[in-house]
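Here the structure is laid out as structure tokens; the discussion comes afterwards.
Numbering (the working numbering), first residue to last: 513 to 654.
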């Protein structure tokens with residue numbers, strides 16, 4: 513990254529993407545115990561924000577057909593359960609099973625470990641900069 517010109521948006525995306533891939537690669541052995549991949553683990557976590565196929569497709573930024581495949585995959589692995597809507601029996605919702613909660617918890621722990629290891633490679637001053645910058649990232653989402 514050219515420090516004179518500042519960070520371009522594309523550089524920001526490249527670095528973020530590389531970082532996420534490194535972190536998920538570190539967590540891959542834990543995720544593999546449950547037959548999970550990156551998107552499936554993220555989908556398990558997104559059940560905290562939405563539980564209908566429409567909400568989940570929007571949150572995951574994926575087409576409904578891809579989401580259907582992912583949901584079926586998680587159901588087959590007994591990580592989520594489908595339930596009928598209370599007021600409208602034509603609609604259904606998804607919730608994590610106990611196994612799904614365990615998979616998500618262990619996946620998060622592996623990701624936290626991966627990030628802690630990488631932060632451990634920084635000087636205390638560099639870690640402080642990262643920790644101070646992190647709360648600014650959500651402000652870029654608006």
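Quick reminder that beta carbons are idealized off the backbone N, C-alpha and C, glycines included. In this text the structure is predicted, and so the values were computed from the model without any measurement.
Contact check, residue i vs residue j, beta carbons under 8 Å
i           : j           : result
residue 555 : residue 608 : no
residue 560 : residue 605 : no
residue 649 : residue 535 : no
residue 553 : residue 619 : yes
Rounded C-alpha distance that separates residue i from residue j
i           : j           : result
residue 647 : residue 521 : 18 Å
residue 603 : residue 551 : 24 Å
residue 696 : residue 601 : Absent from the structure is residue 696, since the part of the chain shown begins at 513 and ends at 654.
residue 519 : residue 533 : 20 Å
residue 651 : residue 527 : 18 Å
Contacts around residue i, its chain only, beta-carbon distance under 7 Å, and the 5 residues preceding and following it disregarded
i           : result
residue 549 : 543
residue 579 : 565, 568, 569, 572
residue 558 : 568, 571, 572
Same chain, Cβ closer than 8 Å to residue i, five either side skipped, listed in chain order
i           : result
residue 574 : 551, 582
Sequence-distant residues of its chain with Cβ nearer than 6 Å to residue i (five each side left out)
i           : result
residue 622 : 539, 542
Problem set entry | Stretch-stretch touch, CB-based, cutoff 8 Å, three pairs: the stretch 636-644 with the stretch 582-601 | no
For this session: Say whether the stretch 610-630 touches the stretch 533-547, bearing in mind that this needs 3 or more beta-carbon pairs closer than 8 Å, one atom from each stretch.
Result: yes
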